[in-house]
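Asker: Mapping of the sequence shown onto numbering that gives the first Met the number 0: residues 0 to 115, in sequence order.
C-beta: ideal position from N, C-alpha, C; glycine also.
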Amino acid sequence: MLKAQAGHIERFFVVSVSTERGAFLVALGVGKKEKGNIFLTDTGIRAKDRLCELAGVDVSAVNFIMVPSPFQAVGALRTALLSHRPGAVLFFVCKSSLAYDKISSELNVQPEVVEE
Numbered sequence: 000m001l002k003a004q005a006g007h008i009e010r011f012f013v014v015s016v017s018t019e020r021g022a023f024l025v026a027l028g029v030g031k032k033e034k035g036n037i038f039l040t041d042t043g044i045r046a047k048d049r050l051c052e053l054a055g056v057d058v059s060a061v062n063f064i065m066v067p068s069p070f071q072a073v074g075a076l077r078t079a080l081l082s083h084r085p086g087a088v089l090f091f092v093c094k095s096s097l098a099y100d101k102i103s104s105e106l107n108v109q110p111e112v113v114e115e
């Protein structure tokens, strides 16, 4: 588990995002990129796998967008939605849980609280 994920609620989602340009299938997770390889937390891996399943694509068709900080999250989201073709499958790799939360908020995703 990455340090940024420690203590973070284990949740993931895949959403269809509609813009004036078209629709995109989007998911995100906490992780990092090193030497061209992407490393995700277990929850991030589940989100990526579910994204591929719902989109009906192989992981090679997924566009991975790095989000280095919460301050760059909004810009990364807007740039991705403007620069990719409608119908693209997008996965945001957030370096921290704060960046993850910022993207979630921008996508208007509210966490579901489950009480046991």
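Can you tell me which of the three DSSP states residue 17 falls into?
Answerer: Locating residue 17 in the sequence shown gives position 18, counting from the first residue. It is a strand residue.
Asker: Please state the DSSP three-state secondary structure of residue 113.
Answerer: Here residue 113 corresponds to residue number 114 of the sequence shown, with the count starting at 1. In this predicted model, residue 113 has a pLDDT of only 47, less than 50, meaning its place in the structure is not dependable; the value taken from the coordinates is given anyway. In this structure, residue 113 counts as coil in the three-state DSSP scheme.
Asker: Taking the straight line between their C-alpha atoms, what separation do you get for residue 108 and residue 57?
Answerer: Here the question's residue 108 lines up with position 109 in the sequence shown. Here the question's residue 57 lines up with position 58 in the sequence shown. Going from the Cα of residue 108 to the Cα of residue 57 covers about 25 Å.
Asker: Which residue's Cα is closest to the Cα of residue 42: 96, 65, 77, 35?
Answerer: For the purposes of this step, residue 42 is taken as residue 43 along the sequence shown, with counting starting at 1. Taking only the C-alpha atoms, the option nearest residue 42 is 96.
Asker: Return helix, strand or coil for residue 101, following the three-state DSSP convention.
Answerer: Position 102 of the sequence shown holds residue 101. Here residue 101 sits in helix by DSSP.
Asker: Tell me the rounded alpha-carbon separation between residue 65 and residue 19.
Answerer: Translated into positions along the sequence shown, residue 65 becomes position 66. Translated into positions along the sequence shown, residue 19 becomes position 20. Cα-Cα distance, rounded: 23 Å.
Asker: Looking at residue 28: is its Cβ nearer than 8 Å to the Cβ of residue 38?
Answerer: Position 29 of the sequence shown, counted from the first residue, corresponds to residue 28. Position 39 of the sequence shown, counted from the first residue, corresponds to residue 38. Against a cut-off of 8 Å, the Cβ pair of residue 38 and residue 28 comes out as no contact.
Asker: Can residue 46 and residue 69 be called in contact, C-beta distance under 8 Å?
Answerer: Working through the sequence shown from its first residue, we reach residue 46 at position 47. Working through the sequence shown from its first residue, we reach residue 69 at position 70. Not closer than 8 Å, so no.
Asker: Please return the same chain residues whose Cβ sits closer than 6 Å to the Cβ of residue 16, not counting the five positions on each side in sequence.
Answerer: By one-based count along the sequence shown, residue 16 stands at place 17. Within the same chain, residue 16 has close Cβ partners 23, 25.
Asker: Check residue 28 in the structure and name its three-state DSSP category.
Answerer: Residue 28 sits at position 29 when you count from the first residue of the sequence shown. Strand, per DSSP.
Asker: Do residue 21 and residue 74 have their C-beta atoms closer together than 8 Å?
Answerer: Within the sequence shown, numbered from 1, the residue matching residue 21 stands at position 22. Within the sequence shown, numbered from 1, the residue matching residue 74 stands at position 75. Taking 8 Å as the cut-off, the beta carbon of residue 21 is found no closer than this to the beta carbon of residue 74.
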